[in-house]
Amino acid sequence: MSFSWTRVGAILLKELRDYRRNRFVIGTMAMVPVLFIILPMIQLFAANATGKDLSVHVGLSLLYMLVIPVMMPSVVSAYSVVGEREQGTLEPVLITPIRREEFLIGKALAAFVPTLVVAYAVFGIFLGAAGLFANPVIASAIYAGTHVLVQLVFTPLLAGWAIWVGIAVSARSTDVRAAQQLSVLGGVPPLVILALMSLNVIIVSTALALGLAAALLAVDLLAWRVVAAMFDRERLVTGRPR
Amino acid sequence: MSGDPTVDEGLEETGTARAGQAYRAGPAAIEVSHLTKVFGGRTAVSDVSFSVASGEVFGFLGPNGAGKTTTVRTLGTLIAPSSGSAIVAGIPLNAKNGPAIRSRISIMPESPGLYLRLTVLENLECFAGLYELDDVRGRIGRALRAVNLEDRARDLCGSLSKGLRQRVALARALLSDPAVLFLDEPTSGLDPVATREVHDLLASLPERGVTIFLTTHRLEEAERLCQRVAILNTTLRLIGRPDELRQQLFSRSVDVRLRAPLDDPQAVLGAVPEVEGWEQTPSGYTLTVSDPDLAAPALARALAAANADILSLAESHHSLQDVYLELIDEDVEARSR
Chain V
1 MSFSWTRVGA
11 ILLKELRDYR
21 RNRFVIGTMA
31 MVPVLFIILP
41 MIQLFAANAT
51 GKDLSVHVGL
61 SLLYMLVIPV
71 MMPSVVSAYS
81 VVGEREQGTL
91 EPVLITPIRR
101 EEFLIGKALA
111 AFVPTLVVAY
121 AVFGIFLGAA
131 GLFANPVIAS
141 AIYAGTHVLV
151 QLVFTPLLAG
161 WAIWVGIAVS
171 ARSTDVRAAQ
181 QLSVLGGVPP
191 LVILALMSLN
201 VIIVSTALAL
211 GLAAALLAVD
221 LLAWRVVAAM
231 FDRERLVTGR
241 PR
Chain G
1001 MSGDPTVDEG
1011 LEETGTARAG
1021 QAYRAGPAAI
1031 EVSHLTKVFG
1041 GRTAVSDVSF
1051 SVASGEVFGF
1061 LGPNGAGKTT
1071 TVRTLGTLIA
1081 PSSGSAIVAG
1091 IPLNAKNGPA
1101 IRSRISIMPE
1111 SPGLYLRLTV
1121 LENLECFAGL
1131 YELDDVRGRI
1141 GRALRAVNLE
1151 DRARDLCGSL
1161 SKGLRQRVAL
1171 ARALLSDPAV
1181 LFLDEPTSGL
1191 DPVATREVHD
1201 LLASLPERGV
1211 TIFLTTHRLE
1221 EAERLCQRVA
1231 ILNTTLRLIG
1241 RPDELRQQLF
1251 SRSVDVRLRA
1261 PLDDPQAVLG
1271 AVPEVEGWEQ
1281 TPSGYTLTVS
1291 DPDLAAPALA
1301 RALAAANADI
1311 LSLAESHHSL
1321 QDVYLELIDE
1331 DVEARSR
């Protein structure tokens, strides 16, 4: 039996239907973007257009928005396996013909798609607000350089990393809350590099941004293979390794 | 033939009808040979061999911790055996064949495991997708009709009672038309009417070629539904038709109730050739006999000749529960020694 997108779609659709009626997920998806659009706005409007720290202010406000693709999928994906296990819904799924790769891709897409929609929407609102209401000097500082490119490219890559960390932690955890805390922490490391870039500690050229993006993409793909290898039906069902 | 006498027993079984079901032994739907599963240092299942014919309803009984669920999970490719082999739905059990086996079987765990924030229909749609089924609406309709839940399709599973959730889980298990259906306590939490409906449904499935592997603690359920049962307590203790098991474990006997005890029971009862032994009970006597059909009329004559007032005279009936308790008690005694 080969890889089936029908089975991936079944998991994805089920997850999205479940989110719709899950107050915790709705709350997370609503609260995180609200929080991380208010903070950059304050940063933006508090910035002195003539000050020499303008680029740092702009970098910091954009950095806030990159927290969205780390935090949101971390919380959701950390729930993906251990949450099902706690509810007793994991075993019925694992006894269908689904392959572990299909299960994991379905779960990952269910965290990835809403994250991307929310993160890009928030960034769009931010850009619009900057263009309409911010000092033109500040607005042009945002639109100039590699800022927009970094946001667009790194949002899905950071989300990918956070999702695989979240699922990996979830597959090995026995408690949802512990899994969520660990996975949020695990999602942070790539943000450190982006923070250094945003604060001009690392001076970013387009080539360097694309190079780092390619490296993060490779790490994401590697993480997917590692998580797939870690996914052990026996351990998930019995709590004991094979 | 496997060469293993226990395995071959199932293949050669001609079987007798139970609960009105005709059952002919076909090719093996499940064939298990020397299956062992060890978790850490603890043996959950040890050297278990048996065979289940296609279209058979097979009962798998045992106390808590006997290894029933481990066996089902192993046959369902959820866990790997430590040693031994098996063929499930005609496919050898190994890691490579997991998806192929799982596409031909269905397992209904004891806990329904439904998505409570999804409706009944959404739950079944999800599983139809996981099995890549065609005619999804038609299949869901048929599965819901089979469990009498058509009118609850749009209800959230979280709003259903435990019994209704159990029926949704059964509908989910039937959705893919499995060749082998593993059921773990399928009537747990159901009221008597719902239990009867589920029993009727299960009784009708073998006619459609479905093999049922029923794990249950309800021994009357196993006795009613199953052509054969196996009693497991880490090792396989006994396997066969319920009436065979009774004969294996209990000598045939006749219960006699009299208005008053006999003055000289040995003289009356011991004189009947078919009586091999007797013991007095609070209400009369229990006699071990070679053949109840011959012993009963001879006893009636002997008691009448002794002027005894006979209130009843009948062959003793041992239930599957008696068989089960006898075996488990033996195990408990053996372990305490």
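Residue numbers (the working numbering), protein chains in the order written: chain V, 1 to 242; chain G, 1001 to 1337.
Here a beta-carbon is modelled for each residue, glycine too, at the ideal position from N, C-alpha and C.
Determine, for V/A10, whether the minimum Cβ-Cβ distance to residues of chain G falls below 8 Å. Sequence index remark: in the first sequence, residue 10 of chain V carries index 10 (1-based). Judged by the 8 Å Cβ criterion, V/A10 is in contact with chain G.
Mind listing the chain G neighbours of V/G88? Cutoff is C-beta to C-beta under 9 Å, in chain order. Here residue 88 of chain V refers to the residue found at position 88 when the first sequence is read from its first residue. Those are P1109, S1111, P1112, G1113 and L1114, listed as they occur along chain G.
Mapping the DSSP letters down to three states, classify V/F126 as helix, strand or coil. Locating residue 126 of chain V in the first sequence gives position 126, counting from the first residue. Note: V/F126 maps to helix in three-state DSSP.
Quick check: G/I1105 and G/F1182, are their CB atoms within less than 8 Å of each other? Here residue 1105 of chain G is taken as the residue at index 105 of the second sequence, counted from 1. Here residue 1182 of chain G is taken as the residue at index 182 of the second sequence, counted from 1. Taking 8 Å as the Cβ cut-off, G/I1105 and G/F1182 qualify as a contacting pair.
For G/A1086, the residue or residues it bridges with in DSSP: In the second sequence, counting from the first residue as 1, residue 1086 of chain G sits at position 86. In DSSP, G/A1086 forms a bridge with G/V1032.
Tell whether a beta-carbon distance below 8 Å holds between G/L1093 and G/A1230. Taking the first residue of the second sequence as position 1, residue 1093 of chain G is located at position 93. Taking the first residue of the second sequence as position 1, residue 1230 of chain G is located at position 230. The answer is no: Cβ separation not under 8 Å.
Return helix, strand or coil for V/L104, following the three-state DSSP convention. For the purposes of this step, residue 104 of chain V is taken as residue 104 along the first sequence, with counting starting at 1. Helix at V/L104.
Does the distance from the C-beta atom of G/V1332 to that of G/P1292 stay below 8 Å? Indexing the second sequence from 1 puts residue 1332 of chain G at position 332. Indexing the second sequence from 1 puts residue 1292 of chain G at position 292. No. Outside cutoff.
Against chain G, which members of the region 70 to 103 of chain V pass a CB distance test of less than 8 Å? Q87, G88, T89, L90, E91, P92, V93, L94, I95, T96, P97, I98 and R99
Could you check whether the region 1230 to 1247 of chain G touches the region 1198 to 1205 of chain G, counting it as contact only if at least three pairs of C-beta atoms, one from each stretch, sit closer than 8 Å? no
Report the neighbours of G/E1157 on chain V: residues whose CB is nearer than 9 Å to its CB, in chain order. Locating residue 1157 of chain G in the second sequence gives position 157, counting from the first residue. Per the sequence shown, the amino acid found at residue 1157 of chain G is Cys instead of Glu. Correct list: empty, because the minimum Cβ distance to chain V is about 10 Å.
Does the distance from the CB of G/L1320 to the CB of G/L1299 come in under 8 Å? Here residue 1320 of chain G corresponds to residue number 320 of the second sequence, with the count starting at 1. Here residue 1299 of chain G corresponds to residue number 299 of the second sequence, with the count starting at 1. Not a contact, by the Cβ cut-off of 8 Å.
For G/Y1131, I'd like the list of residues in its chain whose CB is within less than 8 Å of its CB, leaving aside the five on either flank, ordered along the chain. For the purposes of this step, residue 1131 of chain G is taken as residue 131 along the second sequence, with counting starting at 1. Closer than 8 Å at the Cβ level, and outside the excluded window around G/Y1131, lie S1103, L1175 and S1176.
Looking at the secondary structure, which residues open and close the alpha helix (DSSP H) in which G/N1233 lies? As a working mapping, residue 1233 of chain G is identified with position 233 in the second sequence. Where G/N1233 is concerned, there is no enclosing alpha helix (DSSP H), although the beta strand (DSSP E) it sits in stretches over R1228 to N1233.
Taking Cβ positions only, does G/Y1285 come closer than 8 Å to chain V? Counting from 1 along the second sequence, the entry for residue 1285 of chain G is found at position 285. Not one chain V Cβ lies under 8 Å of G/Y1285.
G/F1060: contacting residues in chain V (beta-carbon distance under 7 Å): For the purposes of this step, residue 1060 of chain G is identified with residue 60 of the second sequence, where counting begins at 1. Those do not exist, as G/F1060 stays about 17 Å from chain V at its closest Cβ, beyond 7 Å.
Going by Cα to Cα distance, which pick from V/L39, V/A110, V/M230 and V/V226 is closest to V/H57? Translated into the one-based positions of the first sequence, residue 57 of chain V becomes position 57. Answer by Cα proximity: V/L39.
Between V/A159 and V/P69, how many whole angstroms is the CB-CB distance? I'm expecting something under 8 Å. In the first sequence, residue 159 of chain V corresponds to position 159, counting from 1. In the first sequence, residue 69 of chain V corresponds to position 69, counting from 1. With 8 Å as the limit, V/A159 and V/P69 qualify as a contact, their Cβ atoms being about 4 Å apart.
Which bits of chain V does G/I1079 rub up against, with CB to CB less than 8 Å? Along the second sequence, one-based indexing puts residue 1079 of chain G at 79. In chain order: R233, E234, V237, T238 and R242.
Output the distance between the C-alpha atoms of G/T1069 and V/V237, rounded to the nearest integer angstrom. On the second sequence, residue 1069 of chain G is found 69 positions in, with the first residue counted as 1. On the first sequence, residue 237 of chain V is found 237 positions in, with the first residue counted as 1. Approximately 11 Å, taken between the alpha carbons.
Go through its chain and collect everything with a Cβ distance to V/A261's Cβ below 6 Å, but skip five positions before and after it. Residue 261 of chain V lies beyond the range of chain V shown here (1 to 242); nothing can be said about it.
Which residues of chain V have a Cβ atom closer than 7 Å to the Cβ of G/F1127, listed in chain order? Counting from 1 along the second sequence, the entry for residue 1127 of chain G is found at position 127. Going along chain V in sequence order, the residues near G/F1127 (Cβ under 7 Å) are T96.
On the DSSP bridge assignment, give the partners of G/M1108 in chain order. Indexing the second sequence from 1 puts residue 1108 of chain G at position 108. Paired residues: G/L1183.
When you compare only the Cα positions, how much space is there between V/P97 and V/V122? Stepping through the first sequence from its first residue, residue 97 of chain V is reached at position 97. Stepping through the first sequence from its first residue, residue 122 of chain V is reached at position 122. Cα to Cα, V/P97 sits roughly 39 Å from V/V122.
How is V/S4 classed by DSSP in three states: helix, strand or coil? The residue labelled residue 4 of chain V in the question sits at position 4 within the first sequence. Reduced to three states, the DSSP call for V/S4 is coil.
With 16 other CB atoms within 10 Å as the buried threshold, where does V/P156 fall? Locating residue 156 of chain V in the first sequence gives position 156, counting from the first residue. Burial call: buried.
CB-CB under 8 Å to V/L104, same chain, minus the five flanking residues each way: which ones, in chain order? Position 104 of the first sequence, counted from the first residue, corresponds to residue 104 of chain V. For V/L104, where only same-chain residues beyond five positions count, the Cβ hits under 8 Å are I167, W224, V227, A228 and F231.
Ends of the beta strand (DSSP E) at G/S1051? By 1-based counting over the second sequence, the position of residue 1051 of chain G is 51. Start and end: R1042 to A1053.
Within chain V, the residues that G/L1118 reaches when beta carbons sit closer than 9 Å: For the purposes of this step, residue 1118 of chain G is identified with residue 118 of the second sequence, where counting begins at 1. Going along chain V in sequence order, the residues near G/L1118 (Cβ under 9 Å) are K14, R17, D18 and R21.
What is the C-beta distance between G/L1269 and G/Y1285, in whole angstroms, given that I count them as a contact (C-beta under 8 Å)? Here residue 1269 of chain G refers to the residue found at position 269 when the second sequence is read from its first residue. Here residue 1285 of chain G refers to the residue found at position 285 when the second sequence is read from its first residue. Confirmed, Cβ separation roughly 7 Å.
Return the chain-ordered list of same chain residues with a C-beta closer than 6 Å to the C-beta of V/V165, the five sequence neighbours on each side being excluded. By 1-based counting over the first sequence, the position of residue 165 of chain V is 165. Counting only Cβ-Cβ distances below 6 Å, and skipping sequence neighbours, we find S183, G186 and G187.
Do you know offhand how far V/F154's Cα is from V/A144's? Within the first sequence, the letter at position 154 stands for residue 154 of chain V. Within the first sequence, the letter at position 144 stands for residue 144 of chain V. Rounded to the nearest angstrom, the two C-alpha atoms are 17 Å apart.
Which residue comes first and which comes last in the beta strand (DSSP E) that contains G/D1255? The residue labelled residue 1255 of chain G in the question sits at position 255 within the second sequence. It spans S1253 to L1258 - the beta strand (DSSP E) in which G/D1255 sits, taken as one unbroken run.
Look up G/S1161 in the DSSP assignment and say whether it is helix, strand or coil. Taking the second sequence and counting its residues from 1, one reaches residue 1161 of chain G at position 161. If DSSP states are grouped into helix, strand and coil, G/S1161 belongs with coil.
Terminal residues of the beta strand (DSSP E) in which G/V1272 lies: The sequence position of residue 1272 of chain G within the second sequence is 272, counting from 1. Looking at the DSSP string, G/V1272 is not in any beta strand (DSSP E), and its letter there is neither H nor E.
CB V/A47 to CB V/T146, shorter than 8 Å? Start at 1 with the first residue of the first sequence, and residue 47 of chain V comes out as number 47. Start at 1 with the first residue of the first sequence, and residue 146 of chain V comes out as number 146. Against a cut-off of 8 Å, the Cβ pair of V/T146 and V/A47 comes out as no contact.
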